[in-house]
Amino acid sequence: MKSFGILWFVILASIASLWLSNAKPFTIQKDLPASKITIATTTRQTSFIKSPEKTRKAFIQMQGGVGTTSKPKTLHEAKSTTLKQNASIPEKDISQDSQKTNGARTLMPTQAQLSASAIKLRSALVNIICTTPSGGRIRSISGSGIVVGSHGVILTNAHIGQYFLLHDYPSKGNTVCNIRTGSPAKNTYSAKLMFISPSWMDANPSTLTQYAPTGTGKYDIAFLLITKSLTDTPLPKAFSFMPLAKQAPKKDEDIVIGSYAAQFLTTNQIDYSLYPTITYGTVKNIFTFDTNTVDVISLGGSAAAQEGSSGGGIINAKGMLTGIITTSTTKGATDTRDLHAITATYVRRDYKKETNYSIDDSLNNPQTATDMFSSEASALSAILVKNLSQTL
Numbered sequence: 168m169k170s171f172g173i174l175w176f177v178i179l180a181s182i183a184s185l186w187l188s189n190a191k192p193f194t195i196q197k198d199l200p201a202s203k204i205t206i207a208t209t210t211r212q213t214s215f216i217k218s219p220e221k222t223r224k225a226f227i228q229m230q231g232g233v234g235t236t237s238k239p240k241t242l243h244e245a246k247s248t249t250l251k252q253n254a255s256i257p258e259k260d261i262s263q264d265s266q267k268t269n270g271a272r273t274l275m276p277t278q279a280q281l282s283a284s285a286i287k288l289r290s291a292l293v294n295i296i297c298t299t300p301s302g303g304r305i306r307s308i309s310g311s312g313i314v315v316g317s318h319g320v321i322l323t324n325a326h327i328g329q330y331f332l333l334h335d336y337p338s339k340g341n342t343v344c345n346i347r348t349g350s351p352a353k354n355t356y357s358a359k360l361m362f363i364s365p366s367w368m369d370a371n372p373s374t375l376t377q378y379a380p381t382g383t384g385k386y387d388i389a390f391l392l393i394t395k396s397l398t399d400t401p402l403p404k405a406f407s408f409m410p411l412a413k414q415a416p417k418k419d420e421d422i423v424i425g426s427y428a429a430q431f432l433t434t435n436q437i438d439y440s441l442y443p444t445i446t447y448g449t450v451k452n453i454f455t456f457d458t459n460t461v462d463v464i465s466l467g468g469s470a471a472a473q474e475g476s477s478g479g480g481i482i483n484a485k486g487m488l489t490g491i492i493t494t495s496t497t498k499g500a501t502d503t504r505d506l507h508a509i510t511a512t513y514v515r516r517d518y519k520k521e522t523n524y525s526i527d528d529s530l531n532n533p534q535t536a537t538d539m540f541s542s543e544a545s546a547l548s549a550i551l552v553k554n555l556s557q558t559l
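The opening residue of the sequence shown carries number 168 in the working numbering; numbering runs sequentially from there.
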């Protein structure tokens, strides 16, 4: 009987161990009243539109993100076609974090590490809201962004950043963009465009007038530089920020997702009751625009997979920004959707390709980078306004 009891104890312990190994961490939003807690794991990029101005412009659908129609190749698919040409591609590019490295087993991140990353992410998260003249076909938007430099540089999507090219459209000062922070989000800063991908602008000339624009996230990159405080508090000498990762995320890696998701909110709620959505998740899959680079990650579905999350951040357990939300499905229950993010390593490569400068150099000298891009920004603005005049 004693041995029989021991056997049952071993069986029950094994079952409990298996259950715990498959248990997923619950997601909460810290420092919010219970009624304001938002649960999420992945976010879609399209944002509901709202106009935060006192004049209460008509509520239109916001475009804080772009839905995907075609996926980039999975890294495994891409590698299977290029291994003969590049046999040196390491298999660890698509392996899990728990593999052995140099004889030592890599430790999985603890909940404490992820919680610390979530706190850092929240401090660097911003809401970007742009309002356009009422009655026009260009929709106002609410999206997200992440401060990635101590001088106040924000990384977001090009489909959000393009609104900063419309300051004088259709007349001077008609399109207004503000940077909001906090819980709830409140107007905090003004910013100007430091960079927007010319390749994205060339490939997406009409998203401003499309009801549900689509894309893959390729080139969907913009940087903003905070230039002015909209409150009585002066600009800080150094902003809280999330450093851009230099290593690509891996499949099954644990991450934290943060954004200002807004799909299910009314205009008034977006104006006055928009709270951050912070959640835990894992990298479900990895994709490439090229052959063997990790350019896009899939994060699956959750309450965060909704409009308004474009430009939101993906943070690893080391507190590094590994990606920003770009595209997602937005129909159906949020837990059935699929959120995609472009990786920080892709952002680094594309910025260098389009500017011939390292993003690290530009983050250290953002005003110089902004001044150098100003002439190209003016040219892109003129082209955008011309296209709008022809289509509206």
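From the three backbone atoms N, C-alpha and C, an ideal C-beta is built for every residue, glycine too.
This structure is a prediction, so every number in the text was calculated from the model and none was measured.
Nearest neighbour of valine 293, chosen from Pro351, Leu333, Ser282 and Arg304 [CA to CA]: Pro351
Contact between the segment 274 to 288 and the segment 413 to 428 (3+ Cβ pairs under 8 angstroms): yes
Residue(s) in a DSSP beta bridge with asparagine 294: BP columns for asparagine 294 point to Ser311 and Arg347.
CA-to-CA distance, histidine 318 to alanine 358, given in whole angstroms: Near 12 angstroms, if we compare the C-alpha coordinates of histidine 318 and alanine 358.
Which residues DSSP lists as bridging leucine 360, in chain order: Leu391
Contact under 8 angstroms by Cβ, phenylalanine 408 with valine 514: no
CA nearest to the CA of lysine 519, picked from Pro365, Tyr336 and Ala283: Pro365
Contacts around leucine 187, its chain only, beta-carbon distance under 6 angstroms, and the 5 residues preceding and following it disregarded: Bear in mind that a pLDDT of 32 at leucine 187, under 50, signals an unreliable position, so the model cannot answer this.
Sequence-distant residues of its chain with Cβ nearer than 6 angstroms to glutamate 220 (five each side left out): Residue placement at glutamate 220 cannot be trusted, given a pLDDT of 33 that sits under 50; what the coordinates show is reported in the next sentence. Excluding positions up to five away in sequence, the list reads Thr298.
C-alpha distance - proline 416 paired with glycine 312, whole-angstrom precision: 19 angstroms
C-beta atoms of threonine 323 and glycine 467 nearer than 8 angstroms: no
Distance, lysine 553 Cα to alanine 283 Cα: 47 angstroms
Contacts around glutamate 521, its chain only, beta-carbon distance under 7 angstroms, and the 5 residues preceding and following it disregarded: Ser364, Pro365 and Ser366
Whether valine 320 touches phenylalanine 390 by CB criterion (8 angstroms): yes
Residues bridged to threonine 446 [DSSP beta-bridge criterion]: Ile424
Among Ser373, Phe362 and Arg347, the one whose alpha carbon lies nearest that of leucine 397: For the residues Ser373, Phe362 and Arg347, the minimum Cα distance to leucine 397 belongs to Arg347.
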